[in-house]
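The listed protein sequences correspond, in order, to chains R and Z.
Counting from 1 along the first sequence, just add 4 to a position and that's the residue number in my numbering.
Counting from 1 along the second sequence, just add 73 to a position and that's the residue number in my numbering.
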Amino acid sequence: DVKVTQSSRYLVKRTGEKVFLECVQDMDHENMFWYRQDPGLGLRLIYFSYDVKMKEKGDIPEGYSVSREKKERFSLILESASTNQTSMYLCASSGGRGRSPLHFGNGTRLTVT
Amino acid sequence: AQRVTQPEKLLSVFKGAPVELKCNYSYSGSPELFWYVQYSRQRLQLLLRHISRESIKGFTADLNKGETSFHLKKPFAQEEDSAMYYCALRDSGAGSYQLTFGKGTKLSVIP
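Below is the structure:
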């Protein structure tokens, strides 16, 4: 069974802090994704990566960056956290050049005060 | 641009009643449609995809290209069906990775 693990379930950070959200998958998937989930807005894609060191912007990349140095790990970085980035962040992975369904992690609930 | 619309934020039905969660999409290419479900305190997971044409947990969904819809149906709702449901779309062409999600519908099954 595919396992996507997000390092933190809950995080509380202060405005202006640099924040790292980590995601690891154990199924050798090529593709990894970061979404944010907000009530009434659904899931919105922030960034995705289809290979090591490759990244593509999603629908709402502003204020975020990503890093994919190893195939199994995909990090989301908030360079200077702001209160409007308080949200649930979901990591997902898929294999087969995008043809297979997404497998999600449990999510990280980030609060920026 | 591709778009997925779920018109109902919240849907409440009684146990044993039929359920229909609506999903409409806007896309000019050849879409692949999915339903994902998130039960309370669990991760988001795939419920079904249109190319599989299968029934999962009693749910079915048929892609209607004429009406650009992919409604999720179940003849008799169960309490354990209470969850958040998301419809999602992906271009079925090669090299397409992005999944576009609707805003979700919260299904509440009343005992």
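Just so you know, even glycine gets a beta-carbon here, dropped at the ideal spot from N, CA and C.
Same chain, Cβ closer than 8 Å to residue i, neighbours up to 5 away in sequence not counted
| i | result |
| --- | --- |
| Q171/Z | R163 and D164 |
| L49/R | F37, W38, Y39, G62, D63 and I64 |
| L120/R | Residue coverage of chain R in this structure runs from 5 to 117, which leaves residue 120/R outside it and unanswerable. |
Min CB distance residue i to chain R below 7 Å
| i | result |
| --- | --- |
| F143/Z | no |
| L117/Z | yes |
Rounded separation between residue i and residue j - CA only
| i | j | result |
| --- | --- | --- |
| S71/R | K146/Z | 40 Å |
| V77/Z | A134/Z | 15 Å |
| D42/R | N97/Z | 20 Å |
| N110/R | Q10/R | 7 Å |
| H144/Z | R18/R | 42 Å |
| A96/R | S85/Z | 29 Å |
Residue closest to residue i, alpha-carbon to alpha-carbon, out of the options
| i | options | result |
| --- | --- | --- |
| S69/R | T90/R, A85/R and K75/R | A85/R |
| A150/Z | R114/Z, K176/Z, S99/Z and F132/Z | F132/Z |
| V182/Z | A161/Z, M157/Z and G175/Z | M157/Z |
| S103/Z | P91/Z, R114/Z, A90/Z and H123/Z | H123/Z |
| F107/Z | L94/Z, G89/Z and S113/Z | L94/Z |
| T141/Z | G89/Z, S99/Z, A90/Z and Q111/Z | S99/Z |
| L25/R | F78/R, T117/R and T90/R | F78/R |
| E83/R | G20/R, E76/R, Q10/R and T112/R | G20/R |
Residue-level contact to chain Z via CB, residue i, 7 Å cutoff
| i | result |
| --- | --- |
| G4/R | No answer is possible for residue 4/R: it lies beyond the span of chain R, which begins at 5 and ends at 117. |
| L15/R | no |
| P105/R | yes |
Neighbourhood of residue i by C-beta distance below 6 Å, restricted to the same chain and skipping five residues each side
| i | result |
| --- | --- |
| L83/Z | K179 |
| V92/Z | V86, K147 and A150 |
| L106/R | A96 and S98 |
| T173/Z | Q75, V77 and L162 |
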